[in-house]
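With the numbering used here applied, the sequence shown corresponds to residues -9 to 230, in that order.
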Amino acid sequence: MTDLAGRVMVYVRNVEQALEQLRGQGLGGDVGEVVELAEAYLKDTKHYLKVGDYETALATISYAEGLLDALRVLKLRDIRWMKPSDLAKSAERKVFVAGTFDIIHPGHIEYLRYAWSLGRVVAVVSTDESVRRVKGREPIIPAEQRVKVLGAIEYVTKARVGYPDDMFRVVEEEKPDLVLLGPNQPFSEEEVRRALRSRGVDAEVVRMSRLVNCSLCSTSSIIRRIIGMSSELASTLNNH
-9 MTDLAGRVMV YVRNVEQALE QLRGQGLGGD VGEVVELAEA YLKDTKHYLK VGDYETALAT
51 ISYAEGLLDA LRVLKLRDIR WMKPSDLAKS AERKVFVAGT FDIIHPGHIE YLRYAWSLGR
111 VVAVVSTDES VRRVKGREPI IPAEQRVKVL GAIEYVTKAR VGYPDDMFRV VEEEKPDLVL
171 LGPNQPFSEE EVRRALRSRG VDAEVVRMSR LVNCSLCSTS SIIRRIIGMS SELASTLNNH
C-alpha cells in the first residue's frame, strides 16, 4: 500500500467512526442532509480506493471529513475525532477472508463488515471445482460472477478467485496480516495457523464468533425457500 493510500485509509476510518457517533444523536433536518452527503463522499472514496485513484479518494474523503467537522465547529453535533496514530494500524492491516459466496445474504455482509473493521479486505471466492468437491453440488452462481458481486460490496477492497487444488496458495500470494475465519467454517484456527506457517506465512488467524440471526442467513436456507416457493407456485398453477 502506498503512503497516499494509507493516508486515505486513516481518513476513512476516522470518518466512519464519526458517523457511528452521529447515528446515536438523531439525524433530522439539515444535519441529516449534511450527514447523507458525507456518507456519499465516503462511498465515493471507497470506490476510488478500489480502482487505485488515490488522489481523488483523498479529495472526496477530505470533503466528507470537512462536512462532519463543520457540524462539530457549529456545535450542531458532538463529534470526537480519533488521533491518526490510533487508526494507522487497522488502515495498514490486510485482512484475508474466503468462502463460496454463492448467494449473498446478511451473514456474508456481516462477515465482510467485521473484516473491514479490522483492515483492508481481500476476499476470495471458491472455484466452481472446489464447490463441487467440498459441497457435493454445482455452484448456483459461476465463480466469475460471484467474484464480480463480491468486488462490488463496499467492505471489500479486492476480490479474486482462489485455486481449485490448493486453498492456501492464494494466501501465500496475498501475504495477509490477518486471516479471518467465518463462524461456520469447518477448520480450527490452529490448523490454519500451522498450515500457513509451514509455507512461510506468519499471519494472525482469528474467527468471527458471532452469528447473524435471521431466517435466511445461509445459502442452503435460501435454496430451500426457493424450492418451497417453486413447489407452491406449481401447485397453484396446476389447480387453475
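We treat Cβ as the ideally placed atom computed from N, Cα and C, and that holds for glycine.
Relative to the C-alpha of Leu12, which candidate in Leu(-6), Val(-2), Ile51, Leu57 has its C-alpha closest? What you label residue 12 is simply residue 22 of the sequence shown in a count that begins at 1. Selected option, being the one with the closest Cα: Leu57.
Proximal residues to Pro154 (C-beta, below 6 Å), its chain only, five neighbours per side dropped: Mapped onto the sequence shown, residue 154 falls at position 164. Taken in chain order, the residues that qualify are Thr117, Glu119, Ser120.
Does the region 45 to 59 come into contact with the region 157 to 172, if we say contact requires no fewer than three beta-carbon pairs (one atom in each stretch) closer than 8 Å? no
Less than 8 Å between the C-beta atoms of Val2 and Thr50, yes or no? As a position in the sequence shown, residue 2 is number 12, starting the count at 1. As a position in the sequence shown, residue 50 is number 60, starting the count at 1. No.
Would you decide whether Phe86 is buried or exposed? Buried here means 16 or more other CB atoms lie within 10 Å of its CB. In the sequence shown, residue 86 corresponds to position 96, counting from 1. Looking at its Cβ environment, which holds 16 or more other Cβ atoms inside 10 Å, Phe86 is buried.
Does the distance from the C-beta atom of Glu144 to that of Lys33 stay below 8 Å? For the purposes of this step, residue 144 is taken as residue 154 along the sequence shown, with counting starting at 1. For the purposes of this step, residue 33 is taken as residue 43 along the sequence shown, with counting starting at 1. In contact: Glu144 and Lys33 (Cβ atoms closer than 8 Å).
Which residues in the same chain as Leu140 place their Cβ atom closer than 7 Å to its Cβ, once the five residues preceding and following it in sequence are excluded? Within the sequence shown, the letter at position 150 stands for residue 140. The answer, listed in chain order, is Phe91, Ala113, Val115, Val146, Ala149.
Please report the residue range of the alpha helix (DSSP H) in which Ala78 lies. Counting from one through the sequence shown, the residue named residue 78 turns up at place 88. Where Ala78 is concerned, the enclosing alpha helix (DSSP H) stretches over 74 to 82.
Please name the residue in Leu108, Lys40, Lys138, Trp71 whose C-alpha comes closest to that of Lys84. Indexing the sequence shown from 1 puts residue 84 at position 94. Here the closest residue by C-alpha is Leu108.
What's the gap between the Cα of Val196 and the Cα of Ser205? Residue 196 sits at position 206 when you count from the first residue of the sequence shown. Residue 205 sits at position 215 when you count from the first residue of the sequence shown. About 26 Å.
Unbroken alpha helix (DSSP H) runs of length 4 or more, entirely within the region 53 to 131: which are they? 74 to 82, 96 to 108, 118 to 125
Within 10 Å of its beta-carbon, does Ile93 have 16 or more other beta-carbons around it, so buried, or fewer, so exposed? Residue mapping note: residue 93 aligns to position 103 of the sequence shown, counting from 1. Buried, since its Cβ has 16 or more Cβ neighbours within 10 Å.
Just verifying my parser: in three-state terms, what is the DSSP assignment at Glu144? As a position in the sequence shown, residue 144 is number 154, starting the count at 1. Glu144 falls in the coil class under three-state DSSP.
Tell me the rounded alpha-carbon separation between Ala60 and Ser52. Residue 60 sits at position 70 when you count from the first residue of the sequence shown. Residue 52 sits at position 62 when you count from the first residue of the sequence shown. C-alpha separation (whole angstroms): 12 Å.
Just how far apart, CA to CA, sit Val21 and Ser199? Within the sequence shown, numbered from 1, the residue matching residue 21 stands at position 31. Within the sequence shown, numbered from 1, the residue matching residue 199 stands at position 209. Each residue's Cα considered, the two are about 36 Å apart.
Please state whether the Cβ-Cβ distance between Phe158 and Ala185 is less than 8 Å. Here residue 158 corresponds to residue number 168 of the sequence shown, with the count starting at 1. Here residue 185 corresponds to residue number 195 of the sequence shown, with the count starting at 1. Result yes, Cβ atoms of Phe158 and Ala185 sit closer than 8 Å.
Does DSSP put Val191 in a helix, in a strand, or in coil? Indexing the sequence shown from 1 puts residue 191 at position 201. Of the three classes helix, strand and coil, the one that applies to Val191 here is coil, per DSSP.
To the nearest angstrom, how far is it from the Cα of Gly42 to the Cα of Ile212? Taking the sequence shown and counting its residues from 1, one reaches residue 42 at position 52. Taking the sequence shown and counting its residues from 1, one reaches residue 212 at position 222. Going by the C-alpha atoms only, they are around 35 Å apart.
Do the region -8 to 9 and the region 62 to 73 make contact, defined as three or more Cβ pairs closer than 8 Å? yes
How close, in whole Å, do the beta carbons of Ala105 and Leu170 come, if the pair is a contact with beta carbons under 8 Å? By 1-based counting over the sequence shown, the position of residue 105 is 115. By 1-based counting over the sequence shown, the position of residue 170 is 180. Between Leu170 and Ala105 the Cβ distance is about 5 Å, and since that is below 8 Å, they are a contact.
Alpha carbon of Ser220 to alpha carbon of Gly172, nearest angstrom: Position 230 of the sequence shown holds residue 220. Position 182 of the sequence shown holds residue 172. Taking the straight line joining both Cα atoms gives about 30 Å.
For Arg150, which of helix, strand or coil comes out of DSSP? For the purposes of this step, residue 150 is identified with residue 160 of the sequence shown, where counting begins at 1. If DSSP states are grouped into helix, strand and coil, Arg150 belongs with the strands.
Return the chain-ordered list of same chain residues with a C-beta closer than 6 Å to the C-beta of Ala(-5), the five sequence neighbours on each side being excluded. Taking the sequence shown and counting its residues from 1, the one referred to as residue -5 is at position 5. Hits under 6 Å: Tyr44.
Whole-number beta carbon distance between Val0 and Leu39, since they are thought to touch under 8 Å: On the sequence shown, position 49 is the one that residue 39 refers to. On the sequence shown, position 10 is the one that residue 0 refers to. Leu39 to Val0, Cβ: 12 Å. No contact.
When you compare each of His95, Val124, Glu181, Arg103 to Ser237 by their alpha carbons, which one comes out closest? Shown here, the chain extends from -9 to 230; a query on residue 237 therefore has no answer.
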